[in-house]
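Asks:
Numbering (the numbering used here), first residue to last: 13 to 296.
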C-alpha cells in the first residue's frame with residue numbers, strides 16, 4: 013500500500029515538474045519572441061530615419077521608397093499592438109509610451125529639420141533598446157540564469173557606449189566647422205572608439221564574430237575625400253558611412269542575443285537582418 017502511495021506521489025511530482033518546466037519554457041519563448049519583434053521595430057525606425065534624411069537633404073520623391081515606408085508603417089503599428097497585448101504588467105507602460113512616441117513621429121516628421129529628425133529617431137531607438145534590456149534581464153533572472161545574465165551585463169553597457177559614440181560622430185558631422193583642422197581628427201577619434209567597443213563585444217561573445225567589419229570601418233573612413241569636394245557631398249558621404257557603423261553595431265549586439273538564446277530552451281530566427289555594405293559610396 014505504501015509503495016503504491018509513494019509511486020503516485022512520485023508520478024504527481026514528476027508531472028508537476030514537467031508541467032512547470034514547460035510553462036516556464038513557454039514564457040521564455042514568449043519573451044524572446046517579444047525581443048525579436050523589438051529588434052524589428054529598431055530596424056524599421058532606422059529605415060524610417062534614412063527615408064526622412066533623404067526627404068530633408070535631397071527632397072527625395074522616390075515613390076518606391078515612400079510606398080515601402082508606408083507598408084512597413086502599417087506592419088509596425090500591428091506589431092506594437094501585439095507587443096502591448098503580450099507584455100508583462102510591469103512593461104506595459106513603457107510599451108504604451110513607445111507607441112505614443114512613434115505616433116508623434118509619424119505625425120510630425122514632415123516638419124523636422126535634419127538635426128531634429130536624427131534626435132527623435134535616436135531617442136526612440138534608445139527607448140526600444142531599454143525595453144529589450146528590461147525583457148532580457150527579467151527573463152534571465154526569472155529563469156535563474158545568473159551566469160548568462162552576467163555575460164549579458166558585460167556586453168550591454170559596451171553596446172550603449174558604441175551607440176553614444178555614433179551619436180557624437182553624427183553630431184560632429186553637422187556642428188563642427190568643416191574648415192577646422194580638428195574636424196577630421198574628431199570624427200576619426202569617434203571611429204576608433206567605436207572600433208574599440210566592437211572589439212570588446214567580439215571578445216565577450218561566444219559566437220564567431222566577423223572580424224572584417226571592424227577592420228573595414230577605419231579603412232573606409234580614410235577613403236572619404238575630405239578635401240576638394242562639395243561640403244554637402246562630404247556630409248552626405250559621412251552620413252552614409254554612419255549608417256554602416258550603425259549596421260555593424262547592431263550586428264554585434266545580435267551576437268550577444270544569440271549567446272543568450274544558445275543557453276536557453278528557446279528557438280529564435282536569424283536576427284542579424286542588416287546587410288552590411290562597407291562601400292561608403294553606396295546607399296546602405
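Backbone N, C-alpha and C define an ideal beta-carbon position, used for all residues, glycine too.
Drop a sphere of 10 angstroms on the beta-carbon of residue 259, count the other beta-carbons inside from all chains shown, and report buried for 16 or more, exposed for fewer.
Replies: Looking up residue 259 in the chain shown gives position 247. Result: buried.
Asks: Would residue 168 and residue 145 qualify as a contact pair, given that the criterion is a beta-carbon distance under 8 Å?
Replies: As a first step, residue 168 is located in the chain shown; it is residue number 156 there, counting from the start. As a first step, residue 145 is located in the chain shown; it is residue number 133 there, counting from the start. Yes, the Cβ-Cβ distance between residue 168 and residue 145 is below 8 Å.
Asks: Looking at the unbroken alpha helix (DSSP H) that takes in residue 243, where does it start and where does it end?
Replies: Looking up residue 243 in the chain shown gives position 231. Element bounds for residue 243: 243-274.
Asks: Go ahead and pull the three-state DSSP assignment for residue 207.
Replies: Looking up residue 207 in the chain shown gives position 195. Reduced to three states, the DSSP call for residue 207 is helix.
Asks: Go through its chain and collect everything with a Cβ distance to residue 64's Cβ below 8 Å, but skip five positions before and after it.
Replies: Working through the chain shown from its first residue, we reach residue 64 at position 52. Taken in chain order, the residues that qualify are 121, 124, 129 and 133.
Asks: What are the boundary residues of the alpha helix (DSSP H) that residue 191 is part of?
Replies: As a position in the chain shown, residue 191 is number 179, starting the count at 1. Residue 191 -> no alpha helix (DSSP H), and no H or E assigned at all.
Asks: How big is the Cα-Cα spacing for residue 82 and residue 227?
Replies: As a position in the chain shown, residue 82 is number 70, starting the count at 1. As a position in the chain shown, residue 227 is number 215, starting the count at 1. Taking the straight line joining both Cα atoms gives about 36 Å.
Asks: Taking 8 Å as the threshold (C-beta atoms), are residue 153 and residue 160 in contact?
Replies: Translated into positions along the chain shown, residue 160 becomes position 148. Translated into positions along the chain shown, residue 153 becomes position 141. Cβ atoms of residue 160 and residue 153: not closer than 8 Å.
Asks: Out of 234, 180, 245 and 148, which one is the CA nearest neighbour of residue 39?
Replies: Stepping through the chain shown from its first residue, residue 39 is reached at position 27. Considering only alpha carbons, the answer is 148.
Asks: Between residue 46 and residue 112, how many whole angstroms is the CB-CB distance? I'm expecting something under 8 Å.
Replies: Position 34 of the chain shown, counted from the start, is the residue given in the question as residue 46. Position 100 of the chain shown, counted from the start, is the residue given in the question as residue 112. Contact doesn't hold; Cβ gap of about 19 Å is too wide.
Asks: Hey, could you find the ends of the alpha helix (DSSP H) residue 119 is sitting in?
Replies: Taking the chain shown and counting its residues from 1, the one referred to as residue 119 is at position 107. First-last of the alpha helix (DSSP H) with residue 119: 104-120.
Asks: For residue 210, which residues in the same chain have their Cβ closer than 6 Å to its Cβ, ignoring the five residues on either side in sequence?
Replies: Looking up residue 210 in the chain shown gives position 198. Within the same chain, Cβ atoms closer than 6 Å to the Cβ of residue 210 are found at 226 and 264, the five residues on either side in sequence being excluded.
Asks: With a CB to CB cut of under 6 Å and the five nearest residues on each side skipped, what residues in its chain are close to residue 180?
Replies: Locating residue 180 in the chain shown gives position 168, counting from the first residue. Cβ within range, chain order: 202.
Asks: Closest to residue 246 by CA distance: which of 254, 236 and 255 is it?
Replies: Within the chain shown, residue 246 is the residue found at index 234, counting from 1. With distances taken between Cα atoms, residue 246 lies closest to 236.
Asks: When burial is assigned at 16 or more other CB atoms within 10 Å of the CB, is residue 60 buried or exposed?
Replies: Locating residue 60 in the chain shown gives position 48, where the first residue counts as 1. Label assigned to residue 60: buried.
Asks: Between the C-alpha atoms of residue 131 and residue 71, what's the straight-line distance to the nearest angstrom?
Replies: As a working mapping, residue 131 is identified with position 119 in the chain shown. As a working mapping, residue 71 is identified with position 59 in the chain shown. In a straight line, the C-alpha of residue 131 is about 20 Å away from that of residue 71.
Asks: Quick check: what's the CA-CA separation for residue 278 versus residue 119?
Replies: One-based indexing of the chain shown puts residue 278 at position 266. One-based indexing of the chain shown puts residue 119 at position 107. Rounded to whole angstroms, residue 278 to residue 119 spans 38 Å at the Cα level.
Asks: Any idea what DSSP makes of residue 225, helix, strand or coil?
Replies: Indexing the chain shown from 1 puts residue 225 at position 213. Under the three-state reduction of DSSP output, residue 225 falls in the helix class.
Asks: Kindly indicate the opening and closing residues of the alpha helix (DSSP H) around residue 130.
Replies: Taking the first residue of the chain shown as position 1, residue 130 is located at position 118. From DSSP, the alpha helix (DSSP H) with residue 130 extends over 126-154.
Asks: Excluding the five sequence neighbours on either side, which residues of its own chain have a C-beta within less than 8 Å of the C-beta of residue 126, listed in chain order?
Replies: Residue 126 sits at position 114 when you count from the first residue of the chain shown. Counting only Cβ-Cβ distances below 8 Å, and skipping sequence neighbours, we find 65, 68, 69 and 186.
Asks: Note down the Cα distance separating residue 76 from residue 86, rounded to an integer number of angstroms.
Replies: Locating residue 76 in the chain shown gives position 64, where the first residue counts as 1. Locating residue 86 in the chain shown gives position 74, where the first residue counts as 1. Near 16 Å, if we compare the C-alpha coordinates of residue 86 and residue 76.
Asks: Applying the 10 Å Cβ sphere with the 16-neighbour rule, what's the burial state of residue 171?
Replies: On the chain shown, residue 171 is found 159 positions in, with the first residue counted as 1. Result: buried.
Asks: Is it right to say residue 17 is buried, meaning 16 or more other beta carbons lie within 10 angstroms of its own, or is it exposed?
Replies: Reading the chain shown from its first residue, position 5 is the one you call residue 17. By the neighbour-count rule (16 or more Cβ atoms within 10 Å), residue 17 is not buried but exposed.
Asks: Using beta carbons (cut-off 8 Å, strictly below), is residue 52 in contact with chain C?
Replies: The structure shown contains no chain C; it is built from a single protein chain.
Asks: Measure the C-alpha to C-alpha separation of residue 143 and residue 198 and round it to an integer number of angstroms.
Replies: Here residue 143 corresponds to residue number 131 of the chain shown, with the count starting at 1. Here residue 198 corresponds to residue number 186 of the chain shown, with the count starting at 1. One C-alpha to the other measures close to 32 Å.
Asks: For residue 166 and residue 242, I'd like the C-alpha separation in whole angstroms.
Replies: Locating residue 166 in the chain shown gives position 154, counting from the first residue. Locating residue 242 in the chain shown gives position 230, counting from the first residue. Residue 166 and residue 242: Cα-Cα distance of roughly 43 Å.
Asks: If you count every other CB in all the chains shown that lies within 10 Å of the CB of residue 239, and 16 or more means buried, which is it?
Replies: By one-based count along the chain shown, residue 239 stands at place 227. It counts as exposed.
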